[in-house]
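Protein chains in written order, with my numbering: chain A, 1 to 296; chain B, 297 to 592. Just so it is clear, CB atoms sit at the ideal spot from N, CA and C, and this is done for glycine as well. Just so we're clear, the structure is a prediction, and the values are computed from it rather than from any experiment. Quick notes on the structure that follows.
Pasting the structure below:
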């Protein structure tokens, strides 16, 4: 039931991406190809799904209303992957089982495609503000996402992640990286969906707690899977973190403690949803199970 | 008179930049340092100056009103320089007489600082929309700048510029590069200032024509200076375009034709300003002379 709904929304999002990322015949068409390559390279689409479903749960309206906003969030996520994979950064050759963007289009084009995706995400949001009667909601949701994505959020997390590859790191630093590099944009997807859906103050509090738990759970699971998964399941080189001598939740706390922490976060997430009186949070609960059980 | 006013506005903008780019004590402080390094590295500040003065001329109000918006435009310009200078792109060691960002902070941090500046520019704009009573004007101005900066604007121009380094190019392609890589954001600074100032349809037409002429003039002058200037005057390696076997307005059309074209554009720009009835366009006229006479 959950998996079917998840699949349906994912298909809906990917159809929208297909439409938005057609390659025009133009002098700069290669950058559109490069953007399209990474936007259509699969992935769980967890961020746009969270934005869409949170909007629907809170507002009672169709999630289709905010699909353009949700796809803009996915553009930001995708640009961050394209830049993170660069030789000057994490130097990854594979992502989701396919050669990384710079391996296909070159480092220069990958940098520009990433820039292009980030720019297009915000251009899309300005367009939504301009065209909507809910200007204040769209503005607040956009500001939330921009703040989560910037130097005090996702980019800040990546900065500290890069620095920490070079030296020892305490668990506070590791928490900072997880919180910012991965969790903030995931949280922001939920929060922006809630803003667009018109959540009450109390609902927002519950959803923020849920979002925080989901966000960290997501990163810990990634680190666990890197340790125990196979390359085939992961769609990238398994054990790359260890090969790169990279500190992760698992290398710092050990596998057992990491699994415990993931379970604890599940409980917090479920309890937070329990406080959403009168709302159908079944999908968001299903997501918790999915994240804990997921293979890749 | 013009130079004094230009200097005053430049100082005002740079004071604002100083305030906005203080380096906080934080785990990711190095990315703030890197962003600050490039934002305070000098330059003519032509884009924010154009936005501020156009706003003032059109609205009759103080240019100080929109300084945050103008600085956000400068962030977009600066991020594009930081990324363009990367070894994977133009591979420049000096910019404005100082080592380029990646030479000081490394390629990884330069990529992230660029991303951070682009993100912060739009985060600033969302904040302005949220906090202003002129939401529609700020939204339209932001959309204008985002559209000029993206894959159908500045990024698109850089893409074609990179491709053209690798093969022969006709003058149509060169025009495309000039138009998009350099002119669009300069034009957009004028147009967004005009939007924020509440320009009439007729005023907007004149300012667009002026902007188009100024934008192209600016690029042609850069190419001319690369040919005839010294490294000291330029603050970067003179003749780098030739060294890199890069096609420019000068290498395609020759020095004499390029100078002729620059003069022709001056006349168009002045004529456009002549149509701005009842507005004090003295500063914008002064800018035309300044651009034609400027050394770097």
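For residue 379/B, the residues of chain A that pass the 7 Å Cβ criterion are 111, 115, in the order they occur in the chain. Not one beta carbon of chain B lies nearer than 7 Å to the beta carbon of residue 211/A. DSSP, read as helix, strand or coil, puts residue 323/B in coil. For residue 40/A and residue 507/B, the gap between their C-alpha atoms comes out near 37 Å. At the C-beta level, residue 177/A and residue 157/A come within 7 Å of one another. By the criterion of at least three beta-carbon pairs nearer than 8 Å, the segment 103–117 of chain A is not in contact with the segment 176–192 of chain A.
With its beta carbon at least 7 Å from every one in chain B, residue 99/A lies outside the interface. Just so you know, the alpha carbons of residue 49/A and residue 330/B end up roughly 35 Å apart. Around the beta carbon of residue 349/B, a 10 Å sphere encloses 16 or more other beta carbons of the protein chains shown; the residue is thus reported as buried.
With respect to the 7 Å criterion, residue 194/A and residue 121/A are not classified as neighbours on the basis of their beta carbons. Per the DSSP secondary-structure output, residue 210/A pairs with nothing in a beta bridge. Contact of residue 430/B with chain A is not assigned, every C-beta pair being separated by 7 Å or more.
Taking a contact to require three or more Cβ pairs closer than 8 Å, the segment 434–442 of chain B and the segment 490–505 of chain B qualify as touching. Residue 280/A counts as exposed, since fewer than 16 other beta carbons sit within 10 angstroms of its beta carbon. For residue 107/A, the nearest beta carbon of chain B is closer than 7 Å to its own beta carbon.
Taking a beta-carbon distance threshold of 7 Å, residue 308/B does not count as an interface residue toward chain A. Residue pairing of residue 87/A in beta bridges, as defined by DSSP: absent, with no partner found.
Contact check for residue 327/B against residue 151/A passes: the beta carbons are separated by less than 7 Å. Between residue 548/B and residue 519/B, the C-beta gap is not smaller than 7 Å, which leaves the two residues out of contact. Contact between residue 362/B and residue 351/B holds, with the beta-carbon distance rounding to 5 Å and staying under 8 Å. With distances taken between CA atoms, residue 17/A lies nearest to 37/A out of 4/A, 2/A, 37/A. If you look at residue 102/A, you'll find it in the alpha helix (DSSP H) that goes 101–105.
Pairing residue 114/A with residue 82/A gives a Cβ-Cβ distance under 7 Å. Beta-bridge annotation (DSSP): residue 390/B is paired with 395/B. In this model, residue 275/A and residue 203/A are separated by some 8 Å (Cα to Cα). Using a 10 angstroms sphere on the CB of residue 161/A, the tally of other CB atoms reaches 16 or more, which defines it as buried. Against residue 268/A, chain B offers no close residue; the least beta-carbon distance is about 25 Å (beta-carbon pairs closer than 7 Å).
Of the residues assessed, residue 116/A falls on the buried side of the cut-off, its CB having 16 or more other CB atoms within 10 angstroms. Cα atoms of residue 391/B and residue 371/B: separation of roughly 16 Å, rounded to the nearest angstrom. Between residue 398/B and residue 414/B, the gap from beta carbon to beta carbon reaches 7 Å or more. Residue contact with chain A for residue 482/B: absent (no Cβ-Cβ distance below 7 Å to any residue of chain A). Distances from the alpha-carbon of residue 187/A to those of 269/A, 260/A, 257/A put 269/A closest.
Between residue 284/A and residue 216/A, the C-beta spacing is not below 7 Å.
Residue 180/A sits in a helix when the DSSP states are folded into three classes. Sequence-distant partners of residue 485/B (beyond 5 residues in either direction) whose C-beta falls short of 6 Å from its own C-beta, in its chain, are 343, 346, 347, 369. Taking 8 Å as the upper bound on Cβ-Cβ separation, chain A lies near residues 322, 323, 324, 326, 327, 328, 331 of the segment 317–351 of chain B.
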